[in-house]
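Before any comments, here is the structure.
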Amino acid sequence: MLTYLRKHSKGWLAYTAFGAIIVVFVLWGGSSYISREANKVAKIDRTIITTEQYSKAYTDTLKRYQTQFGQALTPEMINRLNLREQVLDELIDQYIIEADAAKMGIGVKDADLQMFISQVPAFQRDGKFDEATYRRYLEYERITPAEFEQRARRDFVKQLFKEVLTENVIVAPQEIEAAFHQISDTYELHYLTVDSATFSGDVQVSQEQVQGFFDANKERYRIPPRITIAAIDFPVTRYLGSTEVTTEEAMDYYDGHKGEFSEPAQVHLRHILIKVPEGADAASLTKKQELAAQIIKEAKDGKDFASLAASYSEDEATAGKGGDMGMLPLNSFHPELGKIVESMKPGDVNGPVMTADGIQIIKLEGKEDAKAIPFDKVAASVVDMLKMQRARIVAHDEAEKAFMELYEQDKLDLEGYAAKQGMEVRRIGPFSENEKAGIAMSQETVKKAFTFSAGELGEVIETPGGYAVYQVVKKDLSRIPDLEEVVDVVTADAKAQTALERAKEHAQKLATAPMNELVSSNPSSTGKFTRSASAVPKLSMLPKLMDEVDSLGTPKVYESDGRVFIVWIKSKDTVDIRSLDKDQAEGLRKGLLARKKELVLQDYLEQARDEKKGWHDVVIERERLAGSAERVPQDVPPPMDFN
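Each residue of the sequence shown is one higher than the one before, counting from 12 in my numbering.
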């Protein structure tokens with residue numbers, strides 16, 4: 012009966028969730044609460060964070076990091092960032108802030124929220140809030156005004172809550188001095204690299220060593236829970252032949268959706284790209300900005316932009332073409348850049364514009380307005396689209412009908428039902444929650460299949476080709492495999508570990524050698540950097556290195572991804588504090604104050620989670636965190652920053 016209720020309560024909840032009473036029911040009562048309990052990643056007091064909420068937050072955070080790191084964001088980097096835990100922490104912190112802010116009487120009125128949004132620089136034109144720019148941003152982000160305003164309200168509450176917590180925070184003069192040296196003093200490091208692969212050639216491991224390595228690392232080889240399902244498919248193509256769409260119906264659709272049948276406004280651009288390397292310090296960035304300013308001045312003084320692009324642009328794809336990017340849809344730009352381009356006239360030069368690739372200088376060569384596509388050019392595609400839509404509805408209805416008939420059977424017989432209907436049963440699996448099972452459009456749907464018992468009928472699900480009804484036929488529990496099942500992988504891992512230990516031993520010996528011997532070993536150099544850089548140049552894979560740079564007068568050994576590094580200071584240049592003027596000091600004070608306030612907030616949140624203090628009851632289902640796919644998104648817009 013729960014399966015039936017779960018299946019058919021969806022529509023009712025969707026239509027009534029907008030009422031305040033039903034919102035309370037969904038969050039706190041009835042079978043919906045039980046369902047959320049079974050699908051939770053974490054629970055704070057009585058509030059549940061579901062796998063769906065967590066997955067959306069995980070994807071949003073990936074987008075934020077993609078904007079920051081671009082193509083440098085790899086699965087390995089995601090692991091180093093501990094992104095799964097980080098996202099969950101942010102969701103829990105969000106609840107704590109909202110709950111405790113409410114207890115303190117901190118709230119946001121609608122009028123204050125509108126003022127808050129109107130003051131976001133990205134939504135302004137000529138110093139005033141611009142509705143069109145705001146709507147374009149929402150369209151680009153693919154969110155509704157209500158969703159965005161909910162996000163903005165949370166950020167505003169957090170800002171107000173932080174202000175209350177930190178009203179007595181100050182910055183001492185010695186803190187300003189330390190910050191000055193952090194951004195001004197320059198370092199250069201020497202390092203030698205020892206690759207463990209060079210020690211792997213003659214590595215041999217005995218059966219006893221393999222067994223010992225396996226015994227010490229069994230969890231690494233754990234096989235996750237797996238299920239096998241049987242499914243009846245209802246492909247859309249099965250119903251296309253019996254679906255009819257007239258020309259008049261296609262015309263009616265065209266007339267009502269003309270926005271879908273237009274060529275967007277296009278612009279012809281040239282650009283000059285000045286690349287800014289990852290981890291660039293303030294001095295390097297300033298030089299890049301000065302170069303950009305010089306180029307802009309030359310372009311506005313009348314120098315040929317194409318010649319400037321050929322001389323200065325670091326975009327290999329367009330520099331040889333005078334920076335020519337060709338015709339581009341105006342709606343393909345990030346809203347910030349789109350706003351700039353839209354305001355330009357042919358011949359205008361604008362910049363510098365900071366993007367994920369570096370500093371951009373752009374010239375508008377020409378514009379083409381959006382234009383409608385005549386019906387006769389799209390009639391066939393409209394007919395095909397409407398036929399596909401109608402066939403999809405029929406496929407869904409047939410799948411729903413099959414589900415009900417199967418559900419009402421005294422003894423579930425998927426094979427027998429399929430045979431009577433002249434259909435086939437497809438067996439899929441075994442597969443885990445994170446595997447691409449090839450059955451459902453959504454990975455969340457795959458995960459939900461794991462909530463059903465063996466023998467139980469699942470739900471109607473959307474598939475790449477239509478819909479399907481499935482039955483869970485077998486469930487395999489998570490287990491540690493026998494060594495024999497994974498012996499080849501374990502043996503390779505044991506050899507790699509042995510080679511790594513040898514590399515570490517060799518590196519430790521090198522680190523204790525006289526300095527002149529190390530220098531004569533032809534070490535690599537990081538180049539000069541300050542501690543304000545996001546990472547040490549060329550050694551960004553060693554995240555602790557920046558914090559330990561002052562201790563590197565004596566060589567130290569670090570390890571990352573099978574490589575070992577011996578690192579030491581080549582030089583350090585200390586800047587006299589007397590060169591710090593009042594404006595710089597005030598800027599540092601403001602930056603330090605903001606960071607100290609953030610630390611106070613983080614300390615509060617840690618205390619709020621502390622079981623001994625009992626402020627909040629936090630329960631985390633950590634095994635569910637592994638369900639988030641670590642796919643690095645491409646071409647995503649940066650998030651707004653309201654802090």
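Using N, Cα and C, we set each Cβ at its ideal position, and we do this for glycine too.
Where residue i and residue j are concerned, what is the direct C-alpha to C-alpha distance, given to the nearest angstrom?
i	j	result
Gly476	Val405	13 Å
Gly138	Val560	43 Å
Gly499	Val483	Before going further, note that residue 499 is Asp rather than Gly in the sequence given. Their Cα atoms are separated by approximately 32 Å.
Ser443	Pro235	6 Å
Gln420	Phe414	10 Å
Asp558	Pro275	50 Å
Ala596	Lys447	55 Å
Val643	Thr257	Low local confidence applies: a pLDDT of 37 at Val643 is under 50, so the model's placement there is unreliable, with the coordinate-based value given in what follows. Between Val643 and Thr257, the C-alpha separation is close to 43 Å.
Tyr145	Thr366	20 Å
Leu251	Val389	19 Å
Tyr478	Asp244	6 Å
Gln613	Leu102	13 Å
Val119	Gln508	55 Å
Ala190	Ala143	41 Å
Lys51	Arg620	18 Å
Leu529	Arg606	39 Å
Asn445	Asp141	43 Å
Pro246	Ser551	49 Å
Gln398	Ser318	The sequence as given places Lys at residue 398; Gln does not occur at that position. Cα-Cα distance, rounded: 53 Å.
Evaluate residue i with the Cβ neighbour count: other Cβ atoms within 10 Å of its Cβ, from every protein chain shown; 16 or more gives buried, anything less gives exposed.
i	result
Pro363	buried
Glu152	buried
Ala175	Reading the sequence as shown, one finds Val at residue 175 and not Ala. The residue in question, Val175, is exposed, as its Cβ has fewer than 16 Cβ neighbours within 10 Å.
Leu73	buried
Lys169	buried
Ile128	buried
Arg490	exposed
Gln77	buried
His268	exposed
Val630	exposed
Ala391	exposed
Gly40	For Gly40, the pLDDT reaches just 42, beneath the cut-off of 50, and the residue's location in the model is therefore unreliable, leaving the point undetermined.
By the three-class DSSP mapping on this structure, what secondary structure does residue i have?
i	result
His201	strand
Gly337	strand
Gly469	strand
Lys582	The amino acid occupying residue 582 in the given sequence is Ser; Lys does not appear at that position. Ser582: strand per DSSP, three-state reduction.
Arg706	The chain is shown from 12 up to 654; residue 706 falls before or after that span and cannot be answered.
Glu570	strand
Gln645	Caution is warranted here: a pLDDT of 39 is assigned to Gln645, below 50, making its placement in the model unreliable, and no coordinate value can be reported.
Asp71	helix
Gly477	strand
Ser43	At Ser43 the pLDDT is 48, less than 50, meaning the model places this residue with poor confidence and gives no usable figure here.
Ala291	coil
Pro275	coil
Asp487	strand
Val35	For Val35, the predicted structure reports a pLDDT of 37, less than 50, and the residue's modelled location is therefore unreliable. A value from the coordinates is still provided. Helix, per DSSP.
Leu99	helix
Phe140	strand
Thr517	According to the sequence displayed, residue 517 carries His and not Thr. Helix.
Leu494	helix
Lys308	helix
With hydrogens ignored, establish whether the beta-carbon of residue i is closer than 7 Å to any heavy atom of the ligand SAH.
i	result
Gln185	The ligand SAH is not part of the structure shown, which contains no ligands of any sort.
Do we get a CB-CB distance below 8 Å when we pair residue i with the residues of chain D?
i	result
Ala367	No chain D is part of this structure, which consists of one protein chain only.
**Asked** Do the region 530–549 and the region 185–199 meet, that is, are 3 or more Cβ pairs less than 8 Å apart?
**Response** yes
**Asked** Are at least three pairs of beta-carbons, each pair with one atom in the region 429–438 and one in the region 276–293, less than 8 Å apart?
**Response** These segments do not touch.
**Message:** Could you check whether the region 280–287 touches the region 372–380, counting it as contact only if at least three pairs of C-beta atoms, one from each stretch, sit closer than 8 Å?
**Reply:** yes
**Message:** For the pair the region 319–336 and the region 261–270, tell me if three or more CB-CB distances fall below 8 Å.
**Reply:** no
**Request:** Jot down the residue ranges of each uninterrupted alpha helix (DSSP H) in the region 170–232, minimum 4 residues, whole runs only, in chain order.
**Result:** 184–195 and 218–227, all fully within the region 170–232.
**contact_flag[the region 223–234, the region 502–522] where n(CB pairs < 8 Å) is 3 or more** = yes
**Request:** Please confirm if the region 511–518 is in contact with the region 180–192, defined as three or more CB-CB distances below 8 Å between the two stretches.
**Result:** no
**Request:** Give a yes or no on contact between the region 54–74 and the region 106–126, applying the rule of three or more CB pairs nearer than 8 Å.
**Result:** These segments touch.
**the region 560–580 touching the region 519–535, judged by at least three CB pairs closer than 8 Å** = yes
**Request:** At 3 residues or longer, and completely inside the region 359–390: list those beta strand (DSSP E) runs for me, N to C.
**Result:** 360–365 and 369–379
**Item:** Segments of 4+ residues assigned as alpha helix (DSSP H) that fall wholly inside the region 528–566
**Value:** none
**Message:** Runs of 4 residues minimum, wholly inside the region 399–469: which ones carry the alpha helix (DSSP H) assignment?
**Reply:** 425–431 and 454–460
**Request:** State whether the region 584–602 contacts the region 203–223, with contact taken as three or more CB pairs (one from each stretch) at a distance under 8 Å.
**Result:** no
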